[in-house]
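> Input: one structure, supplied below.
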Amino acid sequence: MSSEHDASETQSVGEQAAEDEDVTYPRMRREQELVEEKLEDLGEGIGWNGKTLKTQMEGVEERTDSTDHYDGQEELELKSENPIEYEQMFSQLRGDLVTARETSKEVAATPIVEQEGELCYGLFTPEGDSIAVSTGIIVHIHTMSEAIKYMINHDFEESPGIEPGDVFVNNDTHVGNVHPCDIATLIPIFHEGELVAWAGGVTHVIDTGAIGPGSMNVSQASRFGDGAHYCRKIGEDFELYNSWEKDYVDKTRTPEFLKLDERTRMTGCLMIRDAVKELIDEYGVDEFKQLSRESVEDGRRGFRNRIKRTMLPGTYRGVSFVDALYEGQENLTREYANENHIMHAPSELHVREDGTFQVSFEGANKWGWHPYNCTPAAIQGGIWVMLTQTVIPNENVNDGAYYACDFHLPEGSWANTQNTETAHAYAWHYLVSAWAPLWQHLSRGYYARGFWEEINAGNANTSNWLQGGGIDQFDKLHAVNSFEAACEGVGARYVEDGEPHAAAIWNPEGDMGDAEVWERTEPLPFLGRAVKPNTGGPGRRAGGAGFESLRTVSDVTRWLLYEMGNGYMTSDSGLFGGYPAASGYILNAQNTDLKQRFENGEEYPQHDLDPESGAFEAQIDGDITRTPKGISTPKEFEDHDLYLNYLRGGSGLGDPLERDPEEVLSDIHDGYVLPRHAEDAYGVVVEQVSEDAKHNSAVDGEFEIDEAATRDRREEMMDERAEEAVPASEWYEEQRERIQAERDLIDDVKKTYVSSMRMSEQFTDFFRNFWDLSEDFEFNLSDEAEKSLEYRFGSGFKRKWDNYTRSHESWHGVGREDEPVVPYTWTDRSLKDLSGPSASFDERTRATDDD
Amino acid sequence: MSSEHDASETQSVGEQAAEDEDVTYPRMRREQELVEEKLEDLGEGIGWNGKTLKTQMEGVEERTDSTDHYDGQEELELKSENPIEYEQMFSQLRGDLVTARETSKEVAATPIVEQEGELCYGLFTPEGDSIAVSTGIIVHIHTMSEAIKYMINHDFEESPGIEPGDVFVNNDTHVGNVHPCDIATLIPIFHEGELVAWAGGVTHVIDTGAIGPGSMNVSQASRFGDGAHYCRKIGEDFELYNSWEKDYVDKTRTPEFLKLDERTRMTGCLMIRDAVKELIDEYGVDEFKQLSRESVEDGRRGFRNRIKRTMLPGTYRGVSFVDALYEGQENLTREYANENHIMHAPSELHVREDGTFQVSFEGANKWGWHPYNCTPAAIQGGIWVMLTQTVIPNENVNDGAYYACDFHLPEGSWANTQNTETAHAYAWHYLVSAWAPLWQHLSRGYYARGFWEEINAGNANTSNWLQGGGIDQFDKLHAVNSFEAACEGVGARYVEDGEPHAAAIWNPEGDMGDAEVWERTEPLPFLGRAVKPNTGGPGRRAGGAGFESLRTVSDVTRWLLYEMGNGYMTSDSGLFGGYPAASGYILNAQNTDLKQRFENGEEYPQHDLDPESGAFEAQIDGDITRTPKGISTPKEFEDHDLYLNYLRGGSGLGDPLERDPEEVLSDIHDGYVLPRHAEDAYGVVVEQVSEDAKHNSAVDGEFEIDEAATRDRREEMMDERAEEAVPASEWYEEQRERIQAERDLIDDVKKTYVSSMRMSEQFTDFFRNFWDLSEDFEFNLSDEAEKSLEYRFGSGFKRKWDNYTRSHESWHGVGREDEPVVPYTWTDRSLKDLSGPSASFDERTRATDDD
Amino acid sequence: MPDTYPREIIEDLVDDSLEWDQLHDMMSKFKDTDRFQQVREVLQERVDWEDPIIIPYAEHLYIVAKSADRWVIKCDCGHEFCEHDQNWKREALINVRDSTEAYREIYPEGMHPHPDYMELREFFCPGCKTLLEVENMMPGYPLVHTFEPDIETFYDEWIDEPIPTPESA
Amino acid sequence: MPDTYPREIIEDLVDDSLEWDQLHDMMSKFKDTDRFQQVREVLQERVDWEDPIIIPYAEHLYIVAKSADRWVIKCDCGHEFCEHDQNWKREALINVRDSTEAYREIYPEGMHPHPDYMELREFFCPGCKTLLEVENMMPGYPLVHTFEPDIETFYDEWIDEPIPTPESA
């Protein structure tokens, strides 16, 4: 599908909608008159019964707080009195949202949206709580919710006004977004002069004008290189302002794509508006209003019920890390950004007696001069979508689930920078890595409760991200970011191996996309694409394998490419004895002889299936970069250079020695495991049937199990375990001494600890207590590391929100020196040391157990 | 004046204006009703007699073109019939603009605006032609004019609408600006439902969120690091939208300063609106409209009359260069931006028989990956202001002068990139360097005509720019850019030496500012400030000396500083035998022992008056950077580091050997000339009266002239000239051979030639003809240089304007392979080879000689 | 409406021998209300010891009642680690993979964490040597006490049953 | 309204001996209509030769009439360079400053152009050796023909006078 072809299709869909509006929707004009009358003649607001939106939102919060039911909906009147109508209405809405998405997707231009489905729609209450959602990248449902609340909170109602026909845009991470490349279109829906709902849609666009090309550039140190940010009104009468249409096109390297993406979102939002109007015509506005309130409360109860039915109350803890190595990187935007970062994400989940969640990242380290920082909206939206894909994988998904969760994100940490100077372009790098323990919290709960079919060891680190740009094959400025990364190995389930090269968690529909489709918008022909061996973590159930694409570069000038992924660390652990997935590495070749090889019909690389084999190096001459790091800043590539896009695998579950040897043999034949690792990791001894037999041949029978040798090897390995492993107490003493002496601890690691210790008294106590260190124990840092911390801790806050409503108060509620509102139970103190099990739960939310 | 103090003052001024509006100006509401009626009920536009603005603008252009009088104003009816009223009205307007500036300046927060007066106001016709201007940085009058035309041209009238009470912002270079840090506020002024004028104001703000701190960062390669760009409506009813007020604050490192700057502009614009309303009340709207038309035509005629009275018709040619050295710079935003640039600005002025100007930059080289590129608006605005400061230094300044000038800026050159990807943050570096020959064109004309009092050798290269930022002494994110650069040495006049440390040309009010004032917003205490010797170019009349400030750094964290100025090249030549001003260098010291020196009461550096003396190095220990380059990208500075801010001198005029020895002696005593250069440059032999005598003592009598030795030395130097100089013909042969052999020509130089040759057939012919080279002569370039050109020439165009009105057609009219619309006379062809003197003039503009 | 699965299905689940379609049904359809009880019963049958299982704690591990007021974490091999609210890892055998060599047994070149940045801690049961957990940790990190179930709330308030004791079993 | 200055003021201007306040007045007040004629007359008196000055061309240089149809560029020392529409620099003596050493005579260390990037071309009158122009050029640049006045238009249309000839002088 060429973009030109698309453009014409789009026009027909988009313009039709615009034309229809004038001819067949006199409603908008009528609404405008009604609203004008209310505002100017009556001095009323656009909320219900003449209230302003802000007053109305405060009312909802007030009633939610005082009753512990969303909006005080203690009785679900509509649902209980007329359950069929309730379900009909809700299903109709849900169906309309899905239809809006499916239809509007056709307007889109990029494979990102069109192939990978990187868009979603939501319907929201006037206050911004989601009522119903489409399929797709629904992480953005909650971020749009925050954006609406931000606009209300900051008096957009007063100016520029929120009126019928208005169109708003947001992509500001600190308003409500994960990263700037997800652009939201929001339109208010009115009925008889009242705002009854918002329709919102998000697409992941290809470039938002960050300092490097691609949607999620990695070389910037601050917001000032993160790309264009928008949060404002961009149209009236459902027409975009000419000023807007001339504005954003220069803030992207791919204006034509963004124009079509915007049409997509407009089309979808207008369809949703129509659907709401039809629903109101059919059922009346009072029913609709009641539905919108009840559905959120219903969602909240549904979440808690599900938790009470499938999980165990108590406390779940975990920790994850990921690396972001910038020492020695080129073309960073600040001199002092030249340092390595480690994300430290302690994750504490309290499942409270009422089935609600309290998620705390107390101990998270400071934000950094990299584009992986997060806002609360990002974390909350991210975790919300993760829960919707696991705990409540059904249609009844909305902000009710959010209302059943409290988040405590230390202010000033990477998870809640409260500093608009920070960069966020690929917040997912930290976000996805940080939520890894949450998978395991849920899985441990499911295990204890017997729901073993739901257990999952985790997800893959979503990478590599192939991104870049320059002047493309059509001699136009262009940017690319391959969404092959929407397809990664999945963590092992308890009862099945992890799925190989399946969807990344944040996009359940994602797949690797057709090579031909990528090649149409990316001047990066595929030399090969294959399952990548040993990417999934070993285990009784193996992590799903990732894959790799070997791309070359064709017909470009001044073309930049870069890598983004984990390298020195693996972010997702295995579960129950399974191993983590493999970590990333970078492989490029530049100044190659590929052209000559093509011309001479010689061999050339198509894969790097076994990095140790030398096969790649044997098939190409050139400057080869092979490094176990995961991130590179944009660097020049020329025609016939090579770039390996390695998409990660998932983590394993259970002791690998418990894996059926036959399955290991299949793994070899399927290309998931290299023969030598069958023995090393699984204790399975295989033999090559002939000299020609290849691993990864996808032909069964090229290897055979030596059963006796396998039995022997496994026994031997059990013995080795007994011999080599030491009692934890012994290990503890040795480690304690190591820490006291700061032996073999590199500066990057110590800097991470010190950062967390400065962030959190609680973590400091935990660390010192665990290792039985002195009250004043501190690590000694290099001057560079000290400076890095001083710089960041000295930067203070620069908050986006002027006023926080109740639901945003928690953004500031953590990390204080006195006892935070979140109980911190990592220290020796256990649940039992609290005054009672319920003491782990915030007073405010204890009492709600009516359902 | 602290910023806090300012804030309160501002509030009183700004809020008063806002409050007054509601109470005492029901006019705006009335206007809104009238406009609404016209638009909605009558279907009319906001122009005169129901026309749309766009139609009205087309009418003005049409009448201007067909009559060669602005708007067809062949008779200046008002002026001729009622000259006193005309002058009264115009003077009143002019006075009101000046008052608006003086009053609103008090609201400003930064020394940039408050001390240096970096703001200006203009009053414009509905079509955006300036009627009258305030004092100040009036380069922006013409750029605002372009911004208004852009809004009209791109149908802002249709949406978002141009209505009474609306407020617009622009800082987009491609819309109409020199660089993004000059932000314009524009408000339409209505009368009885018609748009009668625009008020506009510009301030130079302290930071617009470029990739590095400061208003004019130097490390970005493209627009994507150039900072935030705006061109849109930001308020209604003279109130700024809440969405806007929450938007831009995160796109700057200095939100509080920008807020106050915006209040300044709003205050001034509202005062101008009042003034217009009063004028209309007094004289009637028809008189006002007539005045607005006639004053532009009057300005156009005034310019031509002035030219015909003071200049000579004919062709003036010159060329200037400046360096921008990026090879080896750190933290560039793109890998391929790591190269050296030379600006090549051939400048050809035809003073046509009718007194109009035609300025051509044919032969200019390609734009580059640096922030010194220009848009036509920048060049035209820049040259317009330069002319207003020279040719028409009076009150009767408006766009009439612009209508008397044609500009031909090769499309794709640094002077007219027509590519919105290019960076422009310090366009002045190229712009000011490129207009240097224009000074000399004018001076040559004045010389021939006898107006010797107007002769000026040129201006100083406006640098260094001390810029940077980080966390300041108040622990807040901050950015600085010292406007000490508003004060430079001035070029020598024919009849006087150039003024030392006087105003930079683009700001006639600029001075160096009080050190104390800079220190209040910049954590950079002064160690010393002094006139800098040998910065002005030697000559019979010497160029005005620059000065230097030695700054240290105090109480900051993560602080970056950088330099911006010429280094390897001097941009302004001397005149009539005078020498160019000195070029720049960089001097920093880091990791110093200054703190200890302070504590021990030891000597420390306060100056670097004689770079060869070793004095600086003797007084400080540390890592000293001393390099003859002029630009550095942001680099880390810590407390007690040192930074030399060296502000350049002007160029000289006349043979230095003709300078009165007594004046040279004064130069020594005044600190303008080091004693050794009195002899080397001027042939004046001086003796130190005692061992204690110091140069630069500001005490007369420390040196004495040895008159006999001086006489001898000067005679000797005349002999040396005779001996060492060679006939140009001899030199020519030698050089020709050198070029053919490409001997001693570095890649950076050859790349510059090749770039210009690829840009221009005309320049290519000129170059080959002059040196009598073969038809296919080309320089051989390194691969790197070839790639650089390929990258840039292969980038194509990415234009901002969708449709160009007649006045913008010239943006595309130059650089074609066939004869361009501008006659190119650098080749052997002289004026005489043209069909007649008038053949040098575009047909279109020949006939206008009615005044 | 069925809100329970047949016993044999639950047994297959525990034995990891469900067919994919059965598993898929289980995942996408209802969640049975008696799952905990059924699984616990099956597990109790599978182990070789008598202590009543209070909850399945992790693969191979259980919290079992030694008395009415003492609950411990126990491996299915019979090894007992610690009190139920203590971290069993502190009583496990541990092997740390923190060299390139050790990593390369599991992962190909370049595809494993950097030993300076991350180590793998393998925890084995001192009884049966089964690998019970692998932690990927930054060097120097404390052991994580992963899961502390609130047993009282669960039994008393969520399923409204008495907590098993040796006496009740 | 005076639109002329007294002859003595113009002489002082030509001799560069005006006081600052006189100069300032001249700059900020009116531009006299007969300036060209007055300056030309003064200059004509100052030079030692008889050729009528057509226009002052540059300091020390004039375009003078050798005949009714031949105009040349001439130094006040009497040296004649070339036809009026040719570039006099091609007939001058030239010295090029393109080494650090040569630069350092005029400028302190670090404060002069880099010789690889820029050279100074000093043009002297072959007659009197006066330094007439200094060009700062990128190496290899052609000589710039700086000024080509349109004498006919000037005399015929702007001041409406006959162009001086040896005969008319």
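Residue numbers (this note's numbering), protein chains in the order written: chain A, 334 to 1184; chain B, 334 to 1184; chain C, 4 to 172; chain D, 4 to 172. Where is the CB? At the ideal position from N, CA and C, for every residue including glycine. Owing to the predicted nature of the structure, the values given are computational and were not obtained by experimental measurement.
Can you check which of these residues, Y780/A, E439/A, G911/A, F557/A, is closest to R992/A by C-alpha distance?
Comparing Cα positions, the closest option is G911/A.
> Note down, in chain order, every chain B residue with its Cβ under 7 Å from the Cβ of Y574/A.
Correct list: S492, P493.
> Pair every Cβ in the stretch 798-817 of chain B with every Cβ in the stretch 967-979 of chain B, then say whether three or more of these pairs are closer than 8 Å.
As far as the Cβ criterion goes, the stretch 798-817 of chain B touches the stretch 967-979 of chain B, which means the pair count is three or higher.
> Any residues in the stretch 945-977 of chain A with a beta carbon nearer than 7 Å to a beta carbon of chain B? Which ones, in chain order?
Result list: P967, K968, E969.
> For C564/A and chain B, any beta-carbon pair shorter than 8 Å?
Yes, contact with chain B.
> Given a cut-off of 8 Å, decide if G963/B and S796/B are closer than it, judged by their beta-carbon atoms.
Closer than 8 Å, so yes.
> Whole angstroms are fine: how far does the CA of Y8/D sit from the CA of C85/D?
Going by the C-alpha atoms only, they are around 34 Å apart.
> What number of angstroms, rounded off, separates the C-alpha of L302/B from the C-alpha of G651/B?
Past the edges of chain B, shown from 334 to 1184, lies residue 302/B, and the structure says nothing about it.
> Taking DSSP as the reference, what is the three-state secondary structure of L799/B?
Coil, per DSSP.
> To the nearest angstrom, report how far apart D1025/A and W892/A are at their CA atoms.
So the two alpha carbons sit approximately 40 Å from each other.
> Let me know the alpha helix (DSSP H) ranges lying completely inside the stretch 820-904 of chain A, each 4 residues or longer, listed in chain order.
As far as the stretch 820-904 of chain A is concerned, its whole alpha helix (DSSP H) runs of at least 4 residues are 848-854.
> Between which residues of its own chain and E1117/B is the CB-CB distance below 8 Å, once the five residues before and five after are set aside?
Only E672, D1080 meet the Cβ criterion.
> For G1148/B, is the classification buried or exposed, using 16 other Cβ atoms within 10 angstroms of its Cβ as the cut-off for buried?
Reliability fails at G1148/B, whose pLDDT of 36 lies under 50, so the model's placement of it is uncertain and no value is given.
> Considering only DSSP beta bridges, list what K1131/A is partnered with.
Paired residue(s): N752/A.
> Just list the beta strand (DSSP E) runs in the stretch 643-678 of chain A, keeping only unbroken ones of 3 residues or longer that don't cross its boundaries, in chain order.
List check, beta strand (DSSP E) in window: 647-658.
> Would you verify that the beta carbon of E1119/A is, or is not, closer than 8 Å to some beta carbon of chain B?
Closer than 8 Å: no.
> Quick one: measure Cβ to Cβ for Y895/A and V551/A, integer angstroms, because I've assumed they're closer than 8 Å.
Contact flag correct, Cβ pair sits at about 6 Å.
> Taking the continuous beta strand (DSSP E) assigned at R100/D, which residues delimit it?
Looking at the DSSP string, the run of the beta strand (DSSP E) that includes R100/D is 96-100.
> Terminal residues of the continuous beta strand (DSSP E) containing V529/A?
Start and end: 527-537.
> Do V765/A and G983/A come within 8 Å of each other at the CB atom, strictly closer than that value?
No. Outside cutoff.
> Mind listing the chain B neighbours of A68/D? Cutoff is C-beta to C-beta under 7 Å, in chain order.
None at all; the shortest Cβ gap to chain B is about 15 Å.
> Where in the stretch 703-741 of chain B do unbroken runs of the beta strand (DSSP E), each at least 3 residues long, occur, reported from the N-terminal end onward?
Entirely contained in the stretch 703-741 of chain B, the beta strand (DSSP E) runs reaching 3 residues are, in chain order, 738-741.
> At what residues does the alpha helix (DSSP H) containing C85/C begin and finish?
Per DSSP, C85/C belongs to no alpha helix (DSSP H); it is in the beta strand (DSSP E), 83-86.
> Ignore the nearest five residues each way along the sequence and tell me which others in G1016/A's own chain have a CB closer than 7 Å to its CB.
The residues are L990, T1043, R1046, R1047, M1050.
> Does DSSP put Y976/B in a helix, a strand or coil?
Strand, per DSSP.
> Who are the neighbours of N867/A on chain C, taking C-beta pairs under 7 Å?
Those within 7 Å of N867/A in chain C are Y110, P111, M114.
> Name the one or two DSSP bridge partners that L456/A has.
Partner(s): A465/A, A532/A.
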